[in-house]
Amino acid sequence: MKMNKQEIAQFELNTLELLKNVMDPEIEINIVDLGLIYELYYDGDKKINVVMTFSTPSCPLGDTIKTNIQETIKQKYPNFTIDIDVVFHPQWNTAMVSEEGKRILGL
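Residue 76 in full-length UniProt numbering sits at position 76 of the sequence shown; the count goes up by one each step and never skips.
Next comes the structure, spelled out in structure tokens:
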């Protein structure tokens with residue numbers, strides 16, 4: 001049974017909150033507060049699409065972050081398909097960091 005738009009929006013918010021458990025291993029701040037997650041879509045069935053970036057295009061731990069995203073979502077939703085699209089436009093900058101992230105980073 002597919003969800004309505006309001007249920008999908010709430011699911012997306014809950015999943016974004018779940019991704020606060022995924023840390024950037026170099027900076028030790030979660031990827032949501034760091035501003036690495038640009039968009040998260042849920043199809044209302046069993047597919048989640050994450051559009052994200054890294055702090056630099058040559059991020060040495062990018063694959064680790066993507067794996068951690070997959071594992072974190074799969075722990076709660078084991079039967080879901082998770083697609084992760086990494087983009088570099090717009091390029092990440094410190095203005096994308098949340099207020100909580102800025103507090104943690106001392107910005």
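Beta carbons: idealized from backbone N, C-alpha and C, even for Gly.
Check                                                                                        : Outcome
Own chain residues within Cβ distance below 8 Å of Leu-40, not counting five before or after : Glu-12, Thr-15, Leu-16, Leu-19, Ile-48, Asn-49, Val-50, Val-51
Enclosing alpha helix (DSSP H) for Glu-17 [first to last residue]                            : 5 to 18
Sub-8 Å separation of Asp-45 and Val-97 beta-carbons                                         : no
Reduced DSSP secondary structure (H/G/I, E/B, other) of Met-72                               : The question names Met, but residue 72 is Thr in the sequence shown. Note: Thr-72 maps to helix in three-state DSSP.
Extent of the continuous alpha helix (DSSP H) to which Glu-99 belongs                        : 99 to 105
Rounded straight-line distance, which links the Cα of Lys-5 to that of Phe-54                : 29 Å
Identity of the residues DSSP links to Met-52 by a beta bridge                               : Ile-37, Val-86
Asp-63 - DSSP class collapsed to helix/strand/coil                                           : helix
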